Amino acid sequence: MATTALSSRRYRALTAMDFLFRLLKRVSPRVAALDAGNAELREQVQRLEAANAALEGTNAMLEGRVSDSGVEAGRARDQLQQEILDRRRTEQSLRYSETLLRRLHEDLEDHITERTRELTRTIGELESFSYSISHDLRAPLRAINGFAAILREEHAERLDADGDALLMKIETNAAKMAQLIDGLLDFSRLARAESMSTEVDMEALARAVAAELAGDDAGRRAAIEIAALPKVVGDEPMLRQVWMNLLSNALKFSAPATVARIVVSGETGDGEAVFHVRDNGVGFDMAYAEKLFGVFNRLHRADEFPGVGVGLALTRRIVLRHGGRIWAESRPGEGAAFHFALPVAAGRRGGPAA
Amino acid sequence: MNGDIDVLLVEDNPDDAEFTLRALRKANVALRIALVEDGVQALEFVFGTGGFAQRAGATLPRVVLLDLKLPKVDGLEVLRRIKGDPRTRALPTVMLTSSRERRDIQACYMAGANSYIVKPVEYAELIAKLGDLVRYWLQLNEPPPG
């Protein structure tokens, strides 16, 4: 037991020593650091003292200058006041500009509202115009047709060959006028039609139209070749009409060719999809290329090729409405090529139809 | 039970009236047709007022063929008055017009038109259409009990 007690006392002494030793070890670096800090402080005091002396010197110098400074301070104050004034003026003119800008903006909005109203009115007028065409022009036409038909039916025995031929001319012309009115109506209807943009598979559309035309007389004698065509974004029924017009035109003007051959192709490039319809038909003189796309403009006599001259005008309108362009190339007797380009990314751009 | 009139034709254009009458007669020679030339006359005929006061209480025609564009009171208004009055609401009223305008067609159906026929430009077509119309409204269709 005694040994144990002793050893435990020794142990405690040893532990205390060890503690002191460790404490010393920990404190000594701090003491060293404090010493170093002391030296630094002393240096700083010296520096401050020097600075103080310098300041005192400057003070004396400044005291001498106080009278001069009064003048300078006055000048600075004036300058400051001027600056404040300038700033206020700038603020005022800024506020004025703001008001002006706001007013301009309001004016612009008023202007836009007014123009929109005008446009709506114009569209309304166009609508009632086409409405009155359908009513007012069709009525006399119906009368001409009707009386000619009654004459043929009920008075046939009193008509000689000449009378019969004249009656025929009346009927043919009335039928043509009906076509003209329908064409005009189609045209004005397109102008006010709302377009719906979707992705359109131009190849499928062209093939569907070609298949439809293959049932016609001219279509049966022709070969329509359609290559892979790029897709576009646009109004499908309108684009269908483009294919219908271009392909039926190609067929119509290929009629005299022994073997009508129509080639449709297309490619994408430069932000647009370009389509081509080439035929080996009668072609046209490039001197009249511009006239091709006008309403009721025809390059051939009506007895050569049927039609009233609305198809290409409509086609051009549709292409323009899609933000695209259309053009044609040909030489008489060497077939014709019609090309149209539609923007690829901006198919939704529905600019005003020209 | 059958009234004195089969068809009331409301048509202001004398040429159109002549064609329509001829076409109707072609379909059925025995047809009893009354012709009035504006909207006011049409309403007076149907309601037995004004110049047609003697028709007050008379049986209604089997079918009315109504043009849209009429002097004085237009066809749409005539249609609205016919369909807006319990005495005449059941009277079969067929629009016969040259207008193929969407808004006209829509407005007529909304006002209760029983049918909407576009007058064809071709006379032969007119005869065919009116023949069908006569057969449908005067033979096939069961009239409203008078």
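Same order as they appear, the protein sequences are chains S and D. Its first residue numbered 1, the first sequence is counted upward by one per residue in our numbering. Its first residue numbered 355, the second sequence is counted upward by one per residue in our numbering. Glycine is no exception: its CB is placed at the ideal position from the N, C-alpha and C atoms. What you are looking at is a predicted structure, and each value in this text was computed from that prediction instead of being measured.
One Cα belongs to residue 426/D, the other to residue 397/D, and the distance between them is close to 11 Å.
For the pair residue 362/D and residue 399/D, the CB atoms are nearer than the 8 Å cut-off.
Cβ-Cβ distances below 8 Å link residue 405/D to 395 and 398 in the same chain, with the five nearest sequence neighbours on each side left out; the list follows chain order. Under the Cβ criterion of 8 Å, residue 365/D is not counted among the residues facing chain S. Between the C-alpha atoms of residue 288/S and residue 339/S there is a straight-line separation of about 16 Å.
DSSP lists no bridge partner for residue 64/S. Excluding sequence positions up to five before and after residue 268/S, its CB lies within less than 7 Å of the CB of 230 and 344, all in the same chain and listed in chain order. Counting along the chain, residue 394/D sits inside the alpha helix (DSSP H) bounded by residues 393-401. The residue from 459/D, 408/D and 441/D with its alpha-carbon nearest to that of residue 420/D is 459/D. Neighbours of residue 392/D in chain S, taken as residues whose beta carbon is under 9 Å from its own, are absent, since the nearest beta carbon is some 16 Å off.
Counting along the chain, no beta strand (DSSP E) covers residue 406/D, and no H or E run does either. Using a CB distance below 9 Å, the part of the stretch 458-487 of chain D facing chain S consists of 458, 473, 474, 475, 476, 477, 478, 480 and 481, ordered along the chain.
Residue environment: residue 11/S is assigned as exposed (fewer than 16 neighbouring CB atoms within 10 Å of its CB, all protein chains considered).
Residue contact check for residue 117/S against chain D: no CB pair falls below 8 Å. With a 10 Å radius around the Cβ and a threshold of 16 neighbouring Cβ atoms, residue 415/D comes out buried. In this structure, residue 235/S places its C-beta atom within 8 Å of the C-beta atom of residue 195/S. At a Cβ-Cβ threshold of 8 Å, residue 126/S and residue 177/S do not count as neighbours.
The Cβ atoms of residue 377/D and residue 484/D lie closer than 8 Å to each other. Judged by DSSP secondary structure, residue 327/S falls within the beta strand (DSSP E) whose first and last residues are 325-330. Bounds of the beta strand (DSSP E) holding residue 387/D are 387-390. Taking every protein chain shown into account, the CB of residue 14/S has fewer than 16 other CB atoms within 10 angstroms, so this residue is exposed. Put simply, the stretch 152-171 of chain S does not touch the stretch 193-208 of chain S. Fewer than three CB pairs are less than 8 Å apart. According to DSSP, residue 449/D shares a beta bridge with 420/D and 470/D. Taking all protein chains shown into account, residue 423/D has 16 or more neighbouring C-beta atoms within 10 Å of its C-beta and is therefore buried. Under the DSSP assignment, residue 153/S falls in the alpha helix (DSSP H) whose first and last residues are 138-154. Note that the C-beta distance between residue 246/S and residue 315/S is below 8 Å.
Nearest neighbour of residue 224/S by Cα position, chosen from 77/S, 239/S, 278/S and 184/S, turns out to be 278/S. The CB of residue 370/D comes closer than 9 Å to the CB of 139, 142, 143 and 146 in chain S, given here in chain order. For residue 279/S, the enclosing beta strand (DSSP E) starts and ends at 272-279. Taking one beta carbon from each stretch, the stretch 364-376 of chain D and the stretch 143-154 of chain S have 3 or more pairs nearer than 8 Å; the two touch.
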